[in-house]
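The structure is reproduced here in structure tokens:
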């Protein structure tokens, strides 16, 4: 294991989202990492699902694709897709913020409204999950989605798969990226048979307790730093399929 991964492993130990992933990415499951970035969660889920499971890892940023491909050579249960998931198939521009001559690839987005700093454009392929996932793939058990404001389009392009397989999902949703309320997407998923919770430092809470002003908007001041979220800021939402 590289020094970088060892350091990331230590940070993951204290990450609440990781607690959810540990419960959901169980041995033998087929799971998705949408917006895999440098592969931290891909690596974690690969270890959790084991040799009988599969991790489908989606990431469009070329340098990160190289890292994921290198990781997949050591973990046979990882399949890397060098594409951005969306609601249509074709080409797209990935907007990558640039700060102090360094690409902030973790904040890259297909949405220009999600970008707060200068950015560099990167041409990438975009695909719908419903069209790119192999027909032979096992039903999905868990989905982690972090796409910096493009989550509505990802869900649109994955709707058939979501309603068919009914996986547990962890989706990052932020009002600062959107024009429509975050509750629009949340409500749409709830309507097809899901219970929703939000995740903060103390654990999970029913979506009825979520308040957009209290949990997001009040933090959006000049001091807000997207890659260093303040304590109390909520952007991770969990969707659990209701029992039939």
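In the working numbering, the protein residues as written are 88 to 331. Yeah, the Cβ is synthetic: ideal placement off N, Cα and C, and Gly gets one too.
Asked, Found
"To the nearest angstrom, report how far apart residue 245 and residue 149 are at their CA atoms.", "23 Å"
"Let me make sure I understand the geometry here. Which of 180, 108, 153, 247 has the alpha-carbon closest to that of residue 197?", "180"
"List the residues that DSSP assigns as beta-bridge partners of residue 282.", "327"
"Work out the CA separation of residue 251 and residue 289 for me, nearest whole Å.", "32 Å"
"Leaving out five residues on either side along the sequence, give the residues of the same chain with a beta carbon under 8 Å from the beta carbon of residue 280.", "253, 328, 329"
"To which residues of the same chain is residue 133 closer than 6 Å at the C-beta, ignoring the five residues directly before and after it?", "142, 162, 164, 165"
"Pick helix, strand or coil for residue 94, following the three-state DSSP scheme.", "Bear in mind that the predicted position of residue 94 carries a pLDDT of just 47, short of 50, making it too unreliable to give a figure here."
"At a cut of 8 Å, does the region 150 to 159 reach the region 228 to 237 through at least three beta carbon pairs?", "no"
"Of all the options 226, 325, 216, 104, which has the alpha carbon lying nearest to the alpha carbon of residue 146?", "216"
"Thinking C-beta only, is residue 231 closer than 8 Å to residue 119?", "yes"
"At the level of alpha carbons, what is the spacing between residue 277 and residue 326?", "8 Å"
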